[in-house]
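Residue numbers (the working numbering): 49 to 366. C-beta: ideal position from N, C-alpha, C; glycine also. Model, not experiment: these values are computed from the prediction.
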Amino acid sequence: MKLQSFPGYEHHLLSYIADGSEETLRHKQLQGEAMMRYELPDGMTMEDRLIPGPEEGQELKIRVFTPAGLVEKAPMILDIHGGAFVAGSVDLDNARCIAVAERVPAIVVSVEYRLCGATGYTFPVPLEDCHAAYMYLYHHADEFGGDCKKLGLHGSSAGGTIAEGLALYLRDRNEPTPALTVLNCATFDTAIEATHSFQQLSQLRMGSDKKVMGAEAAYLGGYNGQQPSYYAFPSFCHDVGGLGPTLIIAGEYDTLRDTAIDYSQRLLRAGVPCELFVAPRLGHCFTAAPHPYTDLVHDLMAWSFKREFGLLEELRKC
Numbered sequence: 049m050k051l052q053s054f055p056g057y058e059h060h061l062l063s064y065i066a067d068g069s070e071e072t073l074r075h076k077q078l079q080g081e082a083m084m085r086y087e088l089p090d091g092m093t094m095e096d097r098l099i100p101g102p103e104e105g106q107e108l109k110i111r112v113f114t115p116a117g118l119v120e121k122a123p124m125i126l127d128i129h130g131g132a133f134v135a136g137s138v139d140l141d142n143a144r145c146i147a148v149a150e151r152v153p154a155i156v157v158s159v160e161y162r163l164c165g166a167t168g169y170t171f172p173v174p175l176e177d178c179h180a181a182y183m184y185l186y187h188h189a190d191e192f193g194g195d196c197k198k199l200g201l202h203g204s205s206a207g208g209t210i211a212e213g214l215a216l217y218l219r220d221r222n223e224p225t226p227a228l229t230v231l232n233c234a235t236f237d238t239a240i241e242a243t244h245s246f247q248q249l250s251q252l253r254m255g256s257d258k259k260v261m262g263a264e265a266a267y268l269g270g271y272n273g274q275q276p277s278y279y280a281f282p283s284f285c286h287d288v289g290g291l292g293p294t295l296i297i298a299g300e301y302d303t304l305r306d307t308a309i310d311y312s313q314r315l316l317r318a319g320v321p322c323e324l325f326v327a328p329r330l331g332h333c334f335t336a337a338p339h340p341y342t343d344l345v346h347d348l349m350a351w352s353f354k355r356e357f358g359l360l361e362e363l364r365k366c
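And the structure:
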């Protein structure tokens, strides 16, 4: 069997086509290794720091990526990693943070929030940690060489869910909102099994359906069918007006695809500037691995951040 490079249609079927063969397992191992590889560009620094968390005496780890030759008061972006709310770390997003930091250019900061599941933590703990990190960047931007008025937000998968919950939380509290929020393969709703994408793709044994269903309960600390807070799952918010510009990224072969499309339409109807990009024939979190579409999406993200940071001279001249 010829194995295709991740991501793509064939990858989502590998474990079922080969039925756990050594060939498939080796391929998955290689893909996992590729997802964790990164290389710092010349002059870019990567530094881990500790900042105060939301609870007394608690500290949060952040990882700061600073490109060479930045202007004074450079833009800043807070990155929230994925992992189904129960796994992952800042290590997951090293390559992505580097790519975005270099392309904008901007200072990109990834936050190590407390995970749910076996740790015993549940919502709103991850949200509170990310809120603390966001507000720390805003109030201490000068210490990083950044501009608090040019602060963006990015989240991937579960991190995207937390990011949009954070955007709503900031809006409701009249706190500084992100210049742009990028939601990359995020989970917006708990009822994904009712969507066409779930029915279509889960029958083909593709996408992320099993992980999503387990992640939902882990994040909420159990789920009895009652409506959860919209800070946990943004689709439950009746009024999404007043949010800042948003870029939503989805994969055609992701079971979460339709919730992303539906949420983007709600934002547009509410007058929220919103871009939607659905990557063809790609699955959940496809930008985690090296691939031409990964580069394309990183370019799109950088362009959108530049626009909202006021860095696109080309648009000013139109």
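Enclosing beta strand (DSSP E) for residue i [first to last residue]
i	result
Leu-330	Premise fails: Leu-330 is in no beta strand (DSSP E) and is neither H nor E.
Arg-144	Not the beta strand (DSSP E): Arg-144 falls in the alpha helix (DSSP H), residues 142-151.
Asp-195	194-204
Leu-291	No beta strand (DSSP E) contains Leu-291, which DSSP labels as neither H nor E.
Asn-20	In this structure the chain extends from 49 to 366, so residue 20 is not present and cannot be described.
Ser-158	155-160
Length of the line joining the Cα atoms of residue i and residue j
i	j	result
Gly-130	Ser-158	11 Å
Ala-280	Gln-106	22 Å
Glu-323	Leu-330	18 Å
Phe-325	Leu-304	13 Å
Gly-358	Gly-292	14 Å
Lys-259	Ala-132	Below a pLDDT of 50, predicted positions are generally treated as unreliable, and Lys-259, at 49, falls in that range; the measurement from the model is reported next regardless. Distance between the alpha carbons of Lys-259 and Ala-132 is about 7 Å.
Gly-270	Glu-160	23 Å
Lys-197	His-179	16 Å
Asp-127	Cys-145	7 Å
Arg-219	Asp-195	20 Å
Asp-96	Leu-360	31 Å
Ala-350	Leu-268	33 Å
Gly-255	Ala-263	Here Gly-255 scores only 42 on pLDDT, less than 50, and its place in the model should not be relied on; the value that follows carries that caveat. Going by the C-alpha atoms only, they are around 14 Å apart.
Continuous alpha helix (DSSP H) stretch holding residue i: start and end
i	result
Phe-284	No alpha helix (DSSP H) holds Phe-284; DSSP gives it neither H nor E.
Thr-294	Note, Thr-294: premise wrong, no alpha helix (DSSP H); beta strand (DSSP E) at 294-299.
Val-345	340-357
Val-320	Where Val-320 is concerned, there is no enclosing alpha helix (DSSP H), given that its DSSP letter is neither H nor E.
Glu-176	173-187
Residue from the options whose Cα sits closest to the Cα of residue i
i	options	result
Ala-298	Val-288, Ala-122, Val-156 and Ile-309	Ile-309
Ile-296	Tyr-86, Asp-306 and Asp-220	Asp-306
Tyr-182	Gly-165, Tyr-217, Ala-166 and Tyr-169	Tyr-217
Lys-109	Gly-292, Pro-174, Ala-211 and Asn-222	Pro-174
Leu-371	Thr-342, Ala-337, Glu-361 and His-346	Here the chain comprises residues numbered 49 to 366, so residue 371 is not present and cannot be evaluated.
Asn-142	His-332, Leu-88, Phe-192 and Gly-193	Leu-88
Ser-205	His-187, Ala-135, Gly-270 and Met-94	Ala-135
Asp-287	Met-349, Glu-356, Val-138 and Arg-314	Arg-314
Phe-284	Thr-238, Pro-102, Ser-137 and Glu-300	Thr-238
Gly-207	Gly-193, Arg-162 and Gly-168	Arg-162
Thr-209	Arg-151, Ser-277 and Asn-222	Ser-277
Integer Cβ distance of residue i from residue j, believed to fall under 8 Å
i	j	result
Pro-224	Gly-200	Contact doesn't hold; Cβ gap of about 12 Å is too wide.
Ala-149	Met-84	Not confirmed; about 18 Å, so no contact.
Ala-154	Ile-125	5 Å
Leu-231	Gly-203	6 Å
Mind pulling the beta strand (DSSP E) runs of 3 or more residues that sit fully within the stretch 89-139? Those beta strand (DSSP E) runs which fall completely within the stretch 89-139 and span 3+ residues are 93-100, 107-114 and 122-128.
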